[in-house]
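Residue numbers (the numbering used here): -15 to 137.
Only one structure is covered here, and it is reproduced in the block below.
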Amino acid sequence: MNDLQGHDIEDLRVGMTATFSKTITEADIVLFAGVSGDGNAVHTNEEFAQGTPFKGRIAHGFLTASVISAAVANKLPGPGSIYLDQRMSFKAPVRPGDTVHATVRVKEVQPERCRVLLETVCTVKGTVVIDGEALIKVGSSAKRQARAAATPA
């Protein structure tokens, strides 16, 4: 573990999992529209959204995907980790009031590069709404110890 209680490369094993959950609120959608500039009516206008295949408003896909980022930053690998890449597919809509469960699972550990490949899945009521993979850079306790030993006192 690092000083922030995040996992170092030496801590990670294939199969480790963590989940972070968040209920998507009306405020989240409005604030995300403002911050991102994505004011698409399917997210912000119920009357318009009723006429779409979704039959009502849906959350922004990247708002939903941000729950994956929270799982990575807060749980696995945790504080101190750095996002390098994310691939994802949007499978189903998320609506205001839905609780998104983002689960990350260690798929591959790359010790020589201090990187970990995660499977990333978001579900709502057991339905997969996003799936994909993320590549994350993490620290190394061995490298920190080597640097500390090489530093004159």
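Backbone N, C-alpha and C define an ideal beta-carbon position, used for all residues, glycine too.
> So what's residue 115 in DSSP terms, helix, strand or just coil?
Replying inline: Within the sequence shown, the letter at position 131 stands for residue 115. The answer is strand: DSSP assigns residue 115 an E or B state.
> My guess is that residue 68 and residue 119 are in contact by the Cβ rule of under 8 Å, so how many angstroms apart are they, rounded?
Replying inline: Start at 1 with the first residue of the sequence shown, and residue 68 comes out as number 84. Start at 1 with the first residue of the sequence shown, and residue 119 comes out as number 135. With 8 Å as the limit, residue 68 and residue 119 qualify as a contact, their Cβ atoms being about 5 Å apart.
>> In whole angstroms, give me the CA-to-CA distance for residue 32 and residue 26.
In response: Locating residue 32 in the sequence shown gives position 48, counting from the first residue. Locating residue 26 in the sequence shown gives position 42, counting from the first residue. Going by the C-alpha atoms only, they are around 7 Å apart.
>> With three or more C-beta pairs closer than 8 Å as the rule, is the stretch 94 to 102 touching the stretch 75 to 83?
In response: no
> Looking at residue 2 and residue 54, is the spacing between their C-beta atoms short of 8 Å?
Replying inline: On the sequence shown, residue 54 is found 70 positions in, with the first residue counted as 1. On the sequence shown, residue 2 is found 18 positions in, with the first residue counted as 1. Taking 8 Å as the Cβ cut-off, residue 54 and residue 2 do not qualify as a contacting pair.
> Got a sec? Which residues, its chain only, sit under 8 Å from residue 42 by beta carbon, not counting five neighbours each side?
Replying inline: If you number the sequence shown from 1, residue 42 lands on position 58. The answer, listed in chain order, is 26, 27, 33, 77, 78 and 79.
> What separation, rounded to the nearest whole angstrom, lies between the Cα atoms of residue 126 and residue 117?
Replying inline: Sequence index remark: in the sequence shown, residue 126 carries index 142 (1-based). Sequence index remark: in the sequence shown, residue 117 carries index 133 (1-based). Near 27 Å, if we compare the C-alpha coordinates of residue 117 and residue 126.
> Mapping DSSP to helix, strand and coil, what is residue 15?
Replying inline: Along the sequence shown, read from residue 1 onward, the residue named residue 15 stands at position 31. Reduced to three states, the DSSP call for residue 15 is helix.
>> Please give the ranges of any beta strand (DSSP E) in the stretch -2 to 68, keeping only runs that are unbroken, at least 3 residues long and fully inside the region.
In response: 1 to 7
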